[in-house]
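Asks: Residue 355 in numbering that gives the first Met the number 0 sits at position 356 of the sequence shown, with consecutive numbering throughout.
Handing you this structure, nothing more for now.
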Amino acid sequence: MEEGKMYLYESVFSGQVAGYVYSKILPVDHVVAPHGNHLGPQIRDFEAVVNEGESNVGICPLNEKEQEFLQTRLKENPNLILDIYNKHKDFGYPMTNILTVIASASENLYNQIQGFREAASQYLPQKEEKKNTVFCSELVSIIYKEIGHPSFVNAKPDTFTPLEVQVVPEFGAVYYAKENKVSLLKHGNKVSTGTVASKAQKLLKSLALHDHWVAMPPSGGVPPNAESVGTDLDGTPLYIARVKIGSAYYLGKIGAHWPCPFVTYYEREVKINFGHEVLASLEGTYWEDSVNGSAIPLRALKAGMEENGDILYVARGVVGEKAGVLGIGKSKGSLAPGVVSASQKGARIAFAGKEVVVEKYDVLCQKLIK
0 MEEGKMYLYE
10 SVFSGQVAGY
20 VYSKILPVDH
30 VVAPHGNHLG
40 PQIRDFEAVV
50 NEGESNVGIC
60 PLNEKEQEFL
70 QTRLKENPNL
80 ILDIYNKHKD
90 FGYPMTNILT
100 VIASASENLY
110 NQIQGFREAA
120 SQYLPQKEEK
130 KNTVFCSELV
140 SIIYKEIGHP
150 SFVNAKPDTF
160 TPLEVQVVPE
170 FGAVYYAKEN
180 KVSLLKHGNK
190 VSTGTVASKA
200 QKLLKSLALH
210 DHWVAMPPSG
220 GVPPNAESVG
230 TDLDGTPLYI
240 ARVKIGSAYY
250 LGKIGAHWPC
260 PFVTYYEREV
270 KINFGHEVLA
280 SLEGTYWEDS
290 VNGSAIPLRA
300 LKAGMEENGD
310 ILYVARGVVG
320 EKAGVLGIGK
330 SKGSLAPGVV
340 SASQKGARIA
350 FAGKEVVVEK
360 YDVLCQKLIK
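Now the structure itself:
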């Protein structure tokens with residue numbers, strides 16, 4: 000190994016199976032025959048990992064506070080990581096099928112496979128001897144759980160996927176070593192600070208009112224003179240926010256004095272602390288009433304994008320409303336911004352830790368320019 004270079008130690012499948020391409024870079028510690036396959040630990044040069052294939056490669060470093068916490072834990076037990084390794088060194092993949100490798104990066108597929116296994120063990124007369132198994136994404140989150148980082152300890156810690164890790168507050172930022180097939184690595188495995196506009200970014204910049212969005216740094220809050228679109232339960236003005244997660248751009252809300260916005264992600268409310276945008280000006284827009292299942296209004300403002308390319312639109316609805324009893328405990332709720340798309344019924348709004356689906360909502364539209 001070369002001094003100063005970054006390497007990855009991982010357990011991977013190398014080769015091409017069922018149309019899925021995996022690492023073809025020869026591991027340092029194990030020679031693989033040309034066009035051969037390899038399943039097991041590898042030590043690989045980080046630059047080689049970035050340059051192979053076409054996938055985006057992101058780096059999520061712990062923020063300063065969590066780095067200090069990690070150093071404290073390692074001083075308490077210098078063998079902490081080694082202890083975790085020894086505990087799991089004999090574990091295998093949950094199934095002897097390549098689907099599990101694919102599933103390690105997909106929460107939906109992971110849940111489907113786990114459900115199949117549980118059903119099979121319940122109804123089939125013959126049961127295999129239970130083996131110690133773990134997905135690679137599970138093991139990553141288990142490590143952070145054992146260290147003691149709160150998000151992994153408290154929030155379904157053993158089923159994090161790569162994209163979910165991006166929204167964990169313990170990580171201070173997301174740096175892309177490769178995005179949209181363009182390597183951002185410089186000499187010595189350092190990530191370039193320059194930016195390359197992605198396909199999604201180019202599309203968003205081509206949309207109407209793109210210059211009304213103001214980019215804010217991590218924990219940057221709301222820009223001065225921004226126009227609010229609603230209020231929280233305590234009366235705090237709410238604004239429309241947009242964040243980048245992976246290659247997607249999600250829509251959510253940010254309060255007047257909040258450093259960070261909240262969006263819905265995997266059917267829950269998550270706080271995004273690595274930078275965001277705020278729709279500061281509503282000039283040239285209006286709100287159009289809509290109901291569950293209605294078609295997206297013709298002049299709805301295109302504002303975000305899903306991973307699969309589906310367009311997202313700004314919505315607004317009431318959440319947290321309580322009827323009360325004889326007027327006691329009554330609450331008019333929060334008028335909050337959220338998101339709506341053509342592929343899903345109802346508006347989705349981040350509220351009280353969950354994704355709330357609202358049947359009656361407004362959609363932000365662009366006025367016709369005469």
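For each residue, glycine too, the CB sits at the ideal point set by N, CA and C.
Nothing here was measured: the structure is a model prediction, and the numbers come from that model.
#1: Whole angstroms are fine: how far does the CA of Glu306 sit from the CA of Leu363?
#2: Considering Pro236, what are the terminal residues of the alpha helix (DSSP H) in which it resides?
#3: Pull up the distance between the alpha-carbon of Ser293 and that of Lys88, whole angstroms please.
#4: What would DSSP say about Ile295, mapped onto helix, strand or coil?
#5: Closer than 8 Å by C-beta to Ser227: which residues in its own chain qualify, once you throw out the five before and the five after it? Chain order, please.
#6: Below 8 Å between beta carbons: does that hold for Ala349 and Gly229?
#7: Find out if the Cβ-Cβ distance for the pair Lys344, Ser330 is shorter than 8 Å.
#8: Please state the DSSP three-state secondary structure of Ala247.
#9: Going by DSSP in three states, Leu98 sits in which element: helix, strand or coil?
#10: Using a Cβ-Cβ cutoff of less than 7 Å, which residues in the same chain neighbour Lys270 once the five nearest sequence positions on both sides are dropped?
#11: In three-state terms, what does DSSP make of Gln343?
#12: Give me the Cβ distance between Met5 and Phe45, rounded to the nearest whole Å; I'm assuming they're in contact under 8 Å.
#13: Got a sec? Which residues, its chain only, sit under 7 Å from Lys366 by beta carbon, not counting five neighbours each side?
#14: CA-CA distance, Leu206 and Ala279?
#15: Measure the CB-CB distance between Ala225 and His275 and report whether it falls below 8 Å.
#16: Whole angstroms are fine: how far does the CA of Leu184 sit from the CA of Arg315?
#17: Given this structure, state the Cα-to-Cα distance separating Ala247 from Val338, to the nearest angstrom.
#18: Can Val317 and Gly332 be called in contact, C-beta distance under 8 Å?
#19: Tell me which residues share the same chain as Lys301 and place their Cβ nearer than 6 Å to its Cβ, disregarding the 5 neighbours each side in the sequence.
#20: Between which two residues does the alpha helix (DSSP H) holding Ala47 run?
#21: Compare the Cα-Cα distances from Lys177 to each of Trp212, Val355 and Glu51 and report the closest residue.
#22: Could you check the C-alpha separation between Leu61 and Ile141 for me, to the nearest Å?
#23: Is the beta carbon of Leu202 less than 8 Å from the beta carbon of Met304?
#24: Which residue marks the beginning of the beta strand (DSSP E) containing Ser393, and which one marks its end?
#25: Pick helix, strand or coil for Phe213, following the three-state DSSP scheme.
#26: Excluding the 5 residues preceding and the 5 following Glu53 in the sequence, name in chain order all residues of the same chain whose CB lies nearer than 6 Å to its CB.
#27: Can you tell me whether DSSP reads Asn350 as helix, strand or coil?
#28: Can you look up Ile271 in the DSSP assignment and give me helix, strand or coil?
#29: If you draw a straight line from the alpha carbon of Tyr360 to that of Asp288, how long is it in whole angstroms?
#30: Under 8 Å between the Cβ atoms of Arg347 and Glu358?
#31: With C-beta atoms as the reference, is Val166 less than 8 Å away from Ile244?
Replies: On the basis of the coordinates in this document:
#1: Locating residue 363 in the sequence shown gives position 364, where the first residue counts as 1. Locating residue 306 in the sequence shown gives position 307, where the first residue counts as 1. Distance between the alpha carbons of Leu363 and Glu306: 22 Å.
#2: The count along the sequence shown starts at 1 and reaches residue 236 at position 237. In the DSSP annotation of this structure, Pro236 is not part of any alpha helix (DSSP H); the continuous beta strand (DSSP E) holding it starts and ends at Pro236 to Ile244.
#3: Here residue 293 refers to the residue found at position 294 of the sequence shown. Here residue 88 refers to the residue found at position 89 of the sequence shown. Going by the C-alpha atoms only, they are around 53 Å apart.
#4: One-based indexing of the sequence shown puts residue 295 at position 296. Coil.
#5: For this step, residue 227 is matched to residue 228 along the sequence shown. Hits under 8 Å: Pro236, Leu237, Tyr238 and Ala255.
#6: In the sequence shown, the residue the question calls residue 349 occupies position 350. In the sequence shown, the residue the question calls residue 229 occupies position 230. No. Outside cutoff.
#7: The count along the sequence shown starts at 1 and reaches residue 344 at position 345. The count along the sequence shown starts at 1 and reaches residue 330 at position 331. No, the Cβ-Cβ distance between Lys344 and Ser330 is not below 8 Å.
#8: Position 248 of the sequence shown, counting from 1, holds the residue named residue 247. DSSP places Ala247 in strand when its eight states are reduced to three.
#9: One-based indexing of the sequence shown puts residue 98 at position 99. Residue placement at Leu98 is flagged as unreliable, the pLDDT there being 47, under the threshold of 50; a coordinate-derived value is accordingly withheld.
#10: If you number the sequence shown from 1, residue 270 lands on position 271. Taken in chain order, the residues that qualify are Pro168, Cys259 and Phe261.
#11: Taking the first residue of the sequence shown as 1, we reach residue 343 at position 344. Coil, per DSSP.
#12: For this step, residue 5 is matched to residue 6 along the sequence shown. For this step, residue 45 is matched to residue 46 along the sequence shown. Indeed they touch by this definition, with Cβ atoms about 4 Å apart.
#13: In the sequence shown, residue 366 corresponds to position 367, counting from 1. Within the same chain, Lys366 has close Cβ partners Gly283, Thr284 and Tyr285.
#14: For the purposes of this step, residue 206 is taken as residue 207 along the sequence shown, with counting starting at 1. For the purposes of this step, residue 279 is taken as residue 280 along the sequence shown, with counting starting at 1. So the alpha carbons of these two residues sit roughly 16 Å apart.
#15: If you number the sequence shown from 1, residue 225 lands on position 226. If you number the sequence shown from 1, residue 275 lands on position 276. No, the Cβ-Cβ distance between Ala225 and His275 is not below 8 Å.
#16: If you number the sequence shown from 1, residue 315 lands on position 316. If you number the sequence shown from 1, residue 184 lands on position 185. Whole-angstrom Cα-Cα distance: 40 Å.
#17: In the sequence shown, counting from the first residue as 1, residue 247 sits at position 248. In the sequence shown, counting from the first residue as 1, residue 338 sits at position 339. When rounded, the distance between both Cα atoms is 13 Å.
#18: Working through the sequence shown from its first residue, we reach residue 317 at position 318. Working through the sequence shown from its first residue, we reach residue 332 at position 333. Yes, the Cβ-Cβ distance between Val317 and Gly332 is below 8 Å.
#19: One-based indexing of the sequence shown puts residue 301 at position 302. Same-chain partners within the cutoff: Leu206 and Ile310.
#20: Counting from 1 along the sequence shown, the entry for residue 47 is found at position 48. Run containing Ala47: Phe45 to Asn50, per the alpha helix (DSSP H) assignment.
#21: Start at 1 with the first residue of the sequence shown, and residue 177 comes out as number 178. Measuring from the Cα of Lys177, the nearest candidate turns out to be Glu51.
#22: Here residue 61 refers to the residue found at position 62 when the sequence shown is read from its first residue. Here residue 141 refers to the residue found at position 142 when the sequence shown is read from its first residue. In this structure, the CA atom of Leu61 is about 16 Å from the CA atom of Ile141.
#23: As a working note, residue 202 is residue 203 in the sequence shown. As a working note, residue 304 is residue 305 in the sequence shown. Yes, these two residues count as a Cβ contact at 8 Å.
#24: There is no way to answer for residue 393, as the model of the chain reaches only from 0 to 369.
#25: To locate residue 213, count along the sequence shown from 1; it is residue 214. One point to set straight first is that residue 213 is Val, not Phe, in the sequence displayed. Val213 falls in the strand class under three-state DSSP.
#26: Indexing the sequence shown from 1 puts residue 53 at position 54. Cβ neighbours of Glu53 beyond the five flanking positions: Lys180.
#27: Taking the sequence shown and counting its residues from 1, the one referred to as residue 350 is at position 351. The sequence given here has Phe at residue 350, not Asn. If DSSP states are grouped into helix, strand and coil, Phe350 belongs with the strands.
#28: Here residue 271 is taken as the residue at index 272 of the sequence shown, counted from 1. Coil, per DSSP.
#29: Taking the sequence shown and counting its residues from 1, the one referred to as residue 360 is at position 361. Taking the sequence shown and counting its residues from 1, the one referred to as residue 288 is at position 289. Each residue's Cα considered, the two are about 6 Å apart.
#30: Position 348 of the sequence shown, counted from the start, is the residue given in the question as residue 347. Position 359 of the sequence shown, counted from the start, is the residue given in the question as residue 358. For Arg347 and Glu358, no; Cβs fall outside 8 Å.
#31: Taking the sequence shown and counting its residues from 1, one reaches residue 166 at position 167. Taking the sequence shown and counting its residues from 1, one reaches residue 244 at position 245. With a cutoff of 8 Å on beta-carbon distance, Val166 and Ile244 are scored as near each other.
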